[in-house]
Structure formats: C-alpha cells, structure tokens
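Residue numbering for the sequence shown is 729 to 1024, as defined by my numbering.
Let me begin by presenting the structure, written as structure tokens, before commenting on it.
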Amino acid sequence: MQFIAYILIYPILWIISIMPFRILYAISDGVYLLLYYVIGYRKNIVRDNIKLVFPEKSDQEIKSITKKFYHHMCDMFLEMIKTLTVSKKELSKRFVLKNLETLKELEATEKSIVVMYGHYASYEWSIILQSYATNKALGIYKRIANKYFDRLVRRIRSKYNSVLVDSKRALCRIEELHDNGETRLIAFISDQSPKLKPNNYWGEFMGVTIPCFIGAELTAKKYNYPITYLKIDKVKRGYYESEFIILSKDPKTVKDFEITEQFNRILESQIRQAPEYYLWTHKRWKHRHEAPALKK
C-alpha cells in the first residue's frame, strides 16, 4: 500500500514542481481555501497556541494571524515540492545568505559547526546554504513511516550534497564523525518538544514554561564546537533572507543552558515581530501543564 500511495501521488508532486512560481502560488491560494475553510486542518490547535502566547491580542487579531499563517504554511508546502526541480540559480535568488563571511569565519576554526534554527519562515529552503559551505551539512530529521516518501524527502533535503541522519542515530553519527576528524554543519531544529523525562530542562518560551530541547547545546559543549543561530526572515512571498548569528565560539565556557536560552530569545523576537511565519500547528507547548516548579 505504501508503494501504491507513492506512485499515485509522486507524479502529481512532480508536475506541480515544474510549474512557474506564479502558478505555484495560485495553487497555494486554492490549497489555503480548502485547508482553512473546508478541512479546518488543526485550526483549534493553531488558535489555542496563538491565544496562549499572545493573551493580550483580541479575537480579531488572533483570527488575522491565523489566516495569514495558513497562507504561509501552504506557500511553504508548495515551495518544498518546488525544490524537486528548481534550479540552484533560482533558489539562490529566493533564499539569500546575508553574511557569508560569518560562515567562513566559523569554518576557519576547522571544527564542525552546530547550527540551531526553528520552525520559522522557510527552514526547508535553507538547504541551499550547503552550496556556500565548505563543510558538508548533516541534517537531523525524523523518519517518515512511508519508506518511499521518506526516501523522497531525503532526496529533496540532500539536493546540494548535504546528508540526513535519523534523529534516533544522530548522536552516534556525530560521535563517529568527530572521532574520524570529519567536520560538518550539524543542523538542529531546536524548538522541538522533547519527551518528558525527570532531567528535562524547563525554560520559558513565549512567556510559557515548557521543557526545552537541549540536544544542540549538549553537542556543542561536548565537542566544543562553535554554535550559531540561523536567522531566517521572509522578505515577501517566495523570497527569504538568512544570516548566521554566533551564539558561542567556545561553548564549554558558557553557563549550562545559556545557549538554549539565547536561542529561545532570538526566535521569540522573530515570532513577536511577524507571528504568521511560525509553524503554529506544531505542538510546542503541549507539556506546559506538567512542569515541576520550574525545574532547571
């Protein structure tokens, strides 16, 4: 059944991917109408999340953010499909790195570089940054149940010679690379909601106390790899700008969890400035009611 689903859906995805951007976004508008008004995909989760972190906003403001978010989410989904066939030249025009010199400065340390980023703007198109880097990128992802679509996602995200590793094997792979003296850009989407454990680090994100994902910080500290935040902003429809913000070149000297808190503050600032570009369907605050008295 997995293969049947794949061979039925893949040709549709490929046809969509070769369409001009103006048609792609017309399709996105149609998907938005279907998703928001007819299916109502995760609409309650989206509204509840926005209300939770923006208690000061009116119902009308919440509705406006919600609708803008669904427009953006549909665009991002279609943009991911477009990645199948889009040229490197075209993608480089649409996803710009503003400070290549910072990346080169970090690569000059001759160490792997830990890159933190969130579910904001176009994290999918950040794959184009591999074409600027000397270090091969190592992206950590969660395997998809359908092995054929999993293979497709791996193909898309590895388009510019980056490598994906399943999250369950990521730490072992990073240790192997370190032991072999191989350097990488190790990319962590760091606003994940970790599994509840007695030793979770609980911090504040958008005014709510929740368990925080600390894998990126722990990796940087263990090997003393420089660690940076990839800040991505949406300039206009189909166009993004990014920049590397150095969090620490010597993370072993930084107080525990300070880097994670830096990440939270920067991502928060982006969300507050343009909340419609955050992935509100993501259950980032699902464990907030289970927090021990701010255990850190």
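A virtual CB, placed ideally from N, CA and C, is assigned to each residue, including glycine.
Does the ligand HEM have even one heavy atom less than 7 angstroms from the beta-carbon of residue i?
i	result
N928	The ligand HEM is absent from the structure shown, which contains no ligand whatsoever.
According to DSSP, is residue i part of a helix, a strand, or is it coil?
i	result
K959	strand
V781	helix
T937	strand
E789	helix
A836	coil
Y848	strand
D919	coil
W742	helix
E904	helix
V774	helix
G758	helix
V766	helix
E910	coil
K1014	coil
K1024	Confidence at K1024 is low in this model, with a pLDDT of 46, below 50, so the placement of that residue is unreliable and no value is reported for it.
K810	helix
How close, in whole Å, do the beta carbons of residue i and residue j come, if the pair is a contact with beta carbons under 8 angstroms?
i	j	result
T1009	I773	6 angstroms
T811	E852	7 angstroms
I902	I914	6 angstroms
I744	I809	5 angstroms
F797	G966	Not confirmed; about 17 angstroms, so no contact.
I856	L819	5 angstroms
R879	Y968	The pair is not a contact, with the Cβ atoms about 26 angstroms apart (cut-off 8 angstroms).
Y1006	H847	6 angstroms
K839	Y734	In fact, because the Cβ distance is near 39 angstroms, the residues do not count as touching under 8 angstroms.
Count the other C-beta atoms from every protein chain shown that fall within 10 angstroms of the C-beta of residue i, then say buried if there are 16 or more, exposed otherwise.
i	result
N777	buried
E945	buried
T937	buried
N927	exposed
Q858	buried
E807	buried
S850	buried
I872	exposed
T981	exposed
V814	buried
Y764	buried
N992	buried
Grab me the residues of residue i's own chain with a C-beta within less than 8 angstroms of its C-beta, minus the 5 sequence neighbours each way, in chain order.
i	result
F731	Y876
K870	D894 and S895
E996	F933 and M934
S970	F823, V824, L825, K826, S854, L857, L958, K959, I960 and D961
E1004	I793, K796, F797, H799 and H800
What residues in its chain sit with their C-beta under 6 angstroms from that of residue i, if we drop five residues either side in the sequence?
i	result
Q920	F941
A948	V842, I955 and P979
R882	L892
V759	C802
Can you name, in chain order, every residue of its own chain whose Cβ lies under 7 angstroms from the Cβ of residue i, other than the five neighbours on each side?
i	result
I973	T956, Y957, K959 and I994
Any beta carbon from chain B within less than 8 angstroms of residue i's own beta carbon?
i	result
E852	Of the chains in the structure shown, none is chain B; there is only one protein chain.
Inside the stretch 966 to 1002 only - alpha helix (DSSP H) runs reaching at least 4 residues: 986 to 1001
Can you give, in chain order, each stretch of the beta strand (DSSP E) that sits fully within the stretch 851 to 884 and has at least 3 residues? 864 to 869
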